[in-house]
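Accompanying notes for the structure given below.
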Amino acid sequence: MHSLGILGVGELTEKVVIGLRRGGFDGAILLSPRNAQRAETLTHAHGCQVLPSNQAVVDRAEVLMLGVRPETLADLAGEVRLHPGQRLLSLAAGVNLQQLQAAFPAAHCVRVMLSYAAQHNQSTVVVYPPDPPAERCLAGLGNLVVLQDEAAFELATVAACMNGWFYFLLHDLQQWLTDKGLPATDARALVLGNLHDCVSSAQRQPEHTLKALGQAIATPGTFTADGLAVLMHQPVSASWGAACEVVLDALLTRSR
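Here is the structure:
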């Protein structure tokens, strides 16, 4: 791929551009003119080019990335005309392939889900349907997960929301430590460090379930087991499940 066009320069697409450049992508990155301040910053810091219109981006880019909000998709679709077979990588959450093809009938559409960690080349990057050119383009942004059906992609969208929720849980754990007198920087380091330890250990032991890995630590008589006994009697897991159901229901309703 020699050129990537960004339709919708927002928070997420900004992170993608940064990650692509960090990962070694040296092709042209062409930006739509809206959100001028962010586009200008990317132009100076990461060698992008702002074009005068969305159609100009379409005309000059080999591959397009759709970064607009779902509610503005119809306006964009009425403004541009994609070329037959032009690849469109959509970051628009909740907009399914049928809706994308209806909006951009000439395009070859691929759905993509990733996080702000793309700027550090550490994101989980979910792709549907399987598409080798799209996968090659995005692989440098982190860990690639290619799904075989759209229902699985909607569940991956719920999982992506968990990414945001985790920050609030981690904040609460840090705050408890600071309330007990630990300096905030030390509390943050401990909470994030223990999370990193957990993730690293789980990734290296795929033969064990996550529950089994926890049970191996929380053995009877340990401090971990004492705390776990309290957690198991709190409705926290039910609340997280309810949040997941709300998001999934919203996604499925929007796709009908």
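In my numbering, the protein residues as written are 1194 to 1449. Ideal Cβ placement from N, Cα and C applies to all residues, glycine included. Since we're looking at a predicted model, the values are computed, not measured.
Same chain, Cβ closer than 6 Å to residue i, five either side skipped, listed in chain order
| i | result |
| --- | --- |
| Leu1331 | Val1318 |
| Val1209 | Ala1311 |
| Glu1347 | Leu1444 |
| Ala1286 | Thr1350 |
Rounded C-alpha distance that separates residue i from residue j
| i | j | result |
| --- | --- | --- |
| Ala1352 | Met1306 | 10 Å |
| Glu1264 | Ile1199 | 17 Å |
| Leu1235 | Gly1414 | 55 Å |
| Gly1335 | Leu1205 | 14 Å |
| Gly1212 | Thr1446 | 32 Å |
| Gln1291 | Ala1238 | 36 Å |
| Asp1324 | Pro1376 | 48 Å |
| Gln1367 | Ala1380 | 5 Å |
| Ala1422 | Val1339 | 38 Å |
| Glu1207 | Lys1404 | 36 Å |
| Ala1382 | Ala1395 | 20 Å |
| Tyr1321 | Cys1437 | 21 Å |
| Trp1433 | Gly1374 | 29 Å |
Same chain, Cβ closer than 8 Å to residue i, five either side skipped, listed in chain order
| i | result |
| --- | --- |
| Leu1275 | Val1251, Leu1257, Leu1281, Phe1297, Ala1299, Ala1300 |
| Gly1357 | none |
| Val1202 | Leu1224, Ser1225, Arg1227, Asn1228, Arg1231, Ala1232, Leu1235, Gly1260 |
Residue i (DSSP reduced to helix, strand or coil)
| i | result |
| --- | --- |
| Ala1238 | helix |
| His1276 | coil |
| Asn1387 | helix |
| Ser1432 | helix |
| Thr1317 | strand |
Contact under 8 Å by Cβ, residue i with residue j
| i | j | result |
| --- | --- | --- |
| Ser1316 | Val1303 | no |
| Val1243 | Leu1266 | no |
| Ala1411 | Thr1417 | yes |
| Arg1214 | Gly1240 | yes |
| Val1384 | Leu1363 | yes |
Near the ligand ATP: residue i beta-carbon under 7 Å from a heavy atom
| i | result |
| --- | --- |
| Thr1417 | Of ligands this structure carries none, so the ligand ATP is not represented either. |
Identified DSSP bridge partners for residue i
| i | result |
| --- | --- |
| Gly1198 | Leu1223, Leu1257 |
| Met1306 | Val1319 |
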